[in-house]
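Notes follow once the structure below has been shown.
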Amino acid sequence: MALDIIYLDYAATTPIHPDVVACMQQVQTNSYFNPASNHIAGRLSSVVIDNATTKLSNMFNASQGKFLWTSSATESNNLAILGAAKQRAHRGKHLITMRTEHKAVVDVFSFLEKQGFEVTWLQPDSTGKLSVDNLKDALRGDTQLVSIMHINNEIGTIQDIKGIGLLCREKNITFHVDGAQASGKIVVDLSSLPVDLYSISAHKFYGPKGIGALYVANNVVIKPIMFGGNQQLSVRPGTLPVDLIAGLGEAASISQQKIKDDLIHLLALKNQLIKGLKKVDGLYINGPEEGGYPGILNVGVKDVNGESLLHALEPLCVATGSACNSQSQEPSYVLKSIGRSDSEAQSSIRFSFGRLTTSYDIEKAIFIYCQAVEKLRSLSPGQHV
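In the numbering used here, the protein residues as written are 7 to 391.
Set out below in structure tokens:
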């Protein structure tokens with residue numbers, strides 16, 4: 007890497023794997039044809055897509071559904087939520103989601119509220135976890151869609167997808183999961199999980215940006231939200247980017263082999279980071295200290311402003327919240343939803359690490375963080391700087 011940085015923002019994006027780059031370059035050179043073309047060249051590109059689909063399906067053990075290719079998890083979320091809500095509007099207009107969802111889900115539900123749907127926004131506990139009993143209490147006769155993220159992108163909480171899905175299946179309610187932070191990072195078996203729709207993004211698991219997918223269970227129908235072609239059963243029209251799809255498939259194949267080793271590696275790094283950061287007086291952990299996704303650690307510290315700290319931490323690349331909400335000056339709505347005050351939320355930093363992160367990176371991060379907090383506190387002792 008040309009820049010002298012310590013990259014601990016893997017929840018925002020991951021470095022693309024060299025084998026994925028090589029795969030894409032080969033496709034760009036040899037299989038650049040339009041897969042919708044009804045000639046031998048077009049069919050060659052279709053084979054590339056079929057192979058990528060098989061790799062993705064293998065990673066998810068997704069034998070009971072199909073994948074629609076999209077540009078991102080954001081598009082997948084929009085297609086899933088809008089498409090499902092409109093498809094089953096005759097069943098009812100009551101929808102359920104959580105206060106801690108990604109903006110790509112929150113904003114879609116806010117839009118649907120303006121379209122005449124009624125949304126129940128569920129509150130998690132102090133670790134970001136949703137109680138299945140709380141969801142059960144919120145269900146109504148006209149509830150037709152529930153959308154819950156698998157792993158929270160800011161605090162790493164892992165939801166009980168199986169328990170939620172079983173409840174939804176019992177009540178004949180469509181269940182969508184935003185799996186952007188889980189795909190390729192933890193084992194997700196879609197043949198055993200009662201999930202109807204599952205959103206995926208390649209660049210979260212060492213694949214290229216600009217490509218995602220939506221898993222659709224065999225018995226689920228969604229309305230299209232885009233028009234202009236009959237590709238992908240007319241549900242998601244547009245010429246398919248063969249090279250990006252091949253890259254996603256290759257990333258899925260690599261991740262399937264590495265998931266278990268990755269989790270062991272990440273847990274060791276997280277434990278090292280927690281031990282080191284706890285040397286700082288007034289430090290607190292946002293979300294689960296144990297039991298969450300080990301690649302994310304969100305911490306806050308008293309008497310220090312998060313934005314000031316973020317700048318003081320350079321060349322450490324970390325975040326104060328979701329990258330998709332990074333331009334906002336407002337405190338994280340996720341942290342506020344788990345009970346943090348405005349000042350506590352604004353004093354928080356998200357560390358997220360991955361396959362290429364080393365123990366030495368964590369050691370340096372601990373040193374830089376501790377030094378930065380000490381410096382900022384010395385500038386304005388007893389005040390929030």
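Glycine included, every Cβ here is placed at the ideal spot set by N, Cα and C. Owing to the predicted nature of the structure, the values given are computational and were not obtained by experimental measurement.
Residue i, buried or exposed, once every other Cβ within 10 Å from all chains shown has been counted against 16
| i | result |
| --- | --- |
| Ile270 | exposed |
| Ala79 | buried |
| Lys142 | exposed |
| Asn225 | exposed |
| Asn236 | exposed |
| Ser82 | buried |
| Tyr13 | buried |
| Ile46 | exposed |
| Phe373 | exposed |
| Met7 | A caution first: Met7 carries a pLDDT of 44, below 50, which makes its placement in the model unreliable, though a value can still be read off. Classification for Met7: exposed. |
| Pro337 | buried |
| Glu380 | exposed |
| Val201 | buried |
| Tyr299 | buried |
| Ile368 | buried |
| Gly122 | exposed |
Given residue i as reference, the closest of the options once Cα atoms are compared
| i | options | result |
| --- | --- | --- |
| Gly89 | Leu118, Val324, Leu283 | Leu118 |
| Ile170 | Gly122, Met104, Gly235 | Met104 |
| Arg346 | Gln263, Lys120, Thr106 | Thr106 |
| Ala17 | Phe357, Ile164, Phe233 | Phe357 |
| Gly282 | Cys376, Gly218, Ile192, Asn44 | Cys376 |
| Gln335 | Ile344, Ala351, Val324, Pro321 | Ala351 |
| Pro243 | Asp249, Leu250, Pro230, Gly255 | Pro230 |
| Arg94 | Asn178, Gln32, Ala144 | Asn178 |
| Asn84 | Ile102, Lys72, Asp113, Val53 | Asp113 |
| Ser77 | His96, Ser205, Ile87 | Ser205 |
| Met232 | Asp367, Ala86, Ser51 | Ala86 |
| Gly297 | Ser314, Gly312, Asn277 | Asn277 |
| Gly218 | Ala186, Arg97, Ser51, Ile192 | Ala186 |
| Asp184 | Ser354, Thr126, Ser207, Thr363 | Ser207 |
| Asp139 | Asp166, Lys264, His96 | Asp166 |
| Leu203 | Gln121, Gln70, Tyr38, Cys29 | Gln70 |
| Lys109 | His96, Met155, Gln129 | Met155 |
| Ala223 | Gly234, Ser198, Gly216 | Ser198 |
| Leu385 | Ser349, Ser353, Val324, Ser314 | Ser314 |
| Ser365 | Leu128, Lys72, Ala274 | Ala274 |
Element boundaries [alpha helix (DSSP H), containing residue i]
| i | result |
| --- | --- |
| Thr60 | 46-66 |
| Gln278 | 248-283 |
| Arg346 | Run containing Arg346: none; DSSP gives neither H nor E here. |
| Ser354 | Here Ser354 belongs to no alpha helix (DSSP H); instead the beta strand (DSSP E) covers 354-358. |
| Tyr375 | 365-385 |
| Ala144 | 138-144 |
| Ile161 | It is not in any alpha helix (DSSP H) - Ile161 carries neither H nor E in the DSSP assignment. |
| Ala79 | 79-93 |
| His23 | Note, His23: premise wrong, no alpha helix (DSSP H); not H, not E. |
| Ala42 | Here Ala42 belongs to no alpha helix (DSSP H), and DSSP marks it neither H nor E. |
| Ala223 | Careful: Ala223 lies outside any alpha helix (DSSP H), inside the beta strand (DSSP E) at 218-223. |
Cut-off 6 Å between Cβ atoms - residues of its own chain near residue i, not counting five sequence neighbours on either side
| i | result |
| --- | --- |
| Gln238 | Leu74 |
| Gly190 | Phe211, Ser261 |
| Cys174 | Val152, Phe181 |
| Ile291 | Val305 |
| Lys308 | Gly288 |
| His100 | Glu124, Arg146, Asp148, Thr149 |
| Leu322 | Ile12, Ala371, Ile374 |
| Asp195 | Asn67 |
| Leu316 | Thr326 |
| Val340 | Thr106, Glu160 |
| Leu272 | Pro300, Gly301 |
| Lys72 | Val222 |
| Gly234 | Pro243 |
Nonlocal neighbours in the same chain, by C-beta distance under 7 Å from residue i, ignoring five residues either side
| i | result |
| --- | --- |
| Thr20 | His209, Lys210, Phe211, Tyr212, Gly360 |
| Gln34 | Asp249 |
| Pro41 | Gly48, Ser51, Ser52, Ile55, Leu246, Val248 |
| Ser240 | Pro230 |
| Val193 | Ile265 |
| Ala318 | Ala378, Lys381, Leu382 |
| Asp15 | Cys323, Val324, Ala325, Ser358 |
| Asp10 | Pro321 |
Run of the beta strand (DSSP E) containing residue i, from where it starts to where it stops
| i | result |
| --- | --- |
| Tyr204 | 203-207 |
| Gln121 | Premise fails: Gln121 is in no beta strand (DSSP E) and is neither H nor E. |
| Met232 | No beta strand (DSSP E) holds Met232; DSSP gives it neither H nor E. |
| Thr103 | 100-104 |
| Ile154 | 149-155 |
| Val193 | Val193 -> no beta strand (DSSP E), and no H or E assigned at all. |
| Ile291 | 289-292 |
Chain-order list of residues whose beta-carbon lies under 8 Å from that of residue i (same chain, five-residue window excluded)
| i | result |
| --- | --- |
| Val26 | Tyr212, Gly213, Pro214, Gly253, Glu256, Ala257, Ile260 |
Residue i: CB within 6 Å of a non-hydrogen atom of the ligand MG
| i | result |
| --- | --- |
| Ser207 | What this structure holds is no ligand at all, so the ligand MG is not there to describe. |
Query raised in the report: Can you find at least 3 beta carbon pairs, one from the region 58-77 and one from the region 280-289, that sit closer than 8 Å?
Result: Remark: fewer than three beta-carbon pairs, one from each stretch, lie closer than 8 Å, so the region 58-77 and the region 280-289 are not flagged as touching.
Query raised in the report: Any chance the region 159-166 sits against the region 124-136, with 3 or more Cβ pairs inside 8 Å?
Result: At 8 Å Cβ cutoff, the stretches touch.
**Report entry** Cβ pair count under 8 Å reaching 3, the region 45-59 against the region 244-255
**Finding:** Put simply, the region 45-59 touches the region 244-255. At least three CB pairs are less than 8 Å apart.
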